[in-house]
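In our numbering, the protein residues as written are 11 to 187.
Where a beta carbon is used, it is the ideal one built from N, C-alpha and C, also for glycine.
Some notes on the structure that comes next.
Structure representation (structure tokens):
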């Protein structure tokens, strides 16, 4: 999308978006991003699907990591995610935070996030990951520095489900693309 191209040019990073899934098949993939394929500024909490919407329209490169977590961490993470799912209408994309992040100024708002802040918030509040900084300052590239993550895929998002084996296990999968 144009917005991701602008972010990529501004950050000089390959990956500019992060999502989270609690299943390896990415049946439920959550983030903060555009809610409309055609109106980029209508944005907030979203459920994404690898073969629908923007991802269907554009060939999206992605990098997928998995993190093993305890049952307690999984339960806490799932509970936090449920709050967002129930209150999604009040959750907005925080365009202002992009400016503040570029100046390294932390800014936390209860229901306004950018994608990386949202995933960092979930992982931090559920005690899965300590980023050693405010979750509001976490950028997509910071997920590459998680010590105990495993890379399970890099390539086109639409090809993911055909190329990765399916195992019954609890996963957290931040997604870049």
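Cβ neighbours of residue i in the same chain (closer than 6 Å, five flanking residues each side left out)
{"i": "residue 66", "result": "none"}
{"i": "residue 164", "result": "73"}
{"i": "residue 159", "result": "75, 77"}
{"i": "residue 128", "result": "42"}
{"i": "residue 161", "result": "75"}
{"i": "residue 156", "result": "139"}
{"i": "residue 100", "result": "121"}
Closest residue to residue i among the options (Cα-Cα distance)
{"i": "residue 75", "options": "128, 25, 154", "result": "154"}
{"i": "residue 112", "options": "171, 150, 129", "result": "150"}
{"i": "residue 25", "options": "52, 106, 166", "result": "166"}
{"i": "residue 170", "options": "43, 27, 53, 69", "result": "69"}
{"i": "residue 98", "options": "34, 162, 44", "result": "44"}
{"i": "residue 92", "options": "173, 31, 144", "result": "31"}
{"i": "residue 59", "options": "115, 81, 29", "result": "29"}
{"i": "residue 56", "options": "110, 140, 102", "result": "102"}
{"i": "residue 94", "options": "131, 82, 81, 79", "result": "131"}
{"i": "residue 114", "options": "172, 90, 148", "result": "148"}
Residue i, enclosing beta strand (DSSP E) - first and last residue
{"i": "residue 2", "result": "The structure shown does not extend to residue 2, since the chain is modelled only from 11 to 187, so the question has no answer here."}
{"i": "residue 55", "result": "53-58"}
{"i": "residue 42", "result": "39-44"}
Residue i - containing alpha helix (DSSP H), residue span
{"i": "residue 105", "result": "105-112"}
{"i": "residue 133", "result": "125-135"}
{"i": "residue 81", "result": "81-96"}
Identity of the residues DSSP links to residue i by a beta bridge
{"i": "residue 31", "result": "39"}
{"i": "residue 25", "result": "For residue 25, which the question treats as bridged, DSSP gives no partner whatsoever."}
{"i": "residue 166", "result": "71"}
{"i": "residue 119", "result": "122"}
{"i": "residue 160", "result": "76"}
{"i": "residue 102", "result": "54, 122"}
7 Å CB neighbourhood of residue i in its chain, flanking five on each side removed
{"i": "residue 51", "result": "none"}
{"i": "residue 61", "result": "168"}
{"i": "residue 141", "result": "130, 134, 148, 152"}
{"i": "residue 90", "result": "132, 135, 136"}
Contacting residues, own chain, Cβ-Cβ under 8 Å from residue i (five flanking each side not counted)
{"i": "residue 107", "result": "117, 119, 122, 123, 124, 127, 146"}
{"i": "residue 46", "result": "52"}
Evaluate the contact criterion for the stretch 130-141 versus the stretch 84-103: three or more CB pairs, one atom per stretch, below 8 Å. Yes: at least three Cβ pairs fall under 8 Å.
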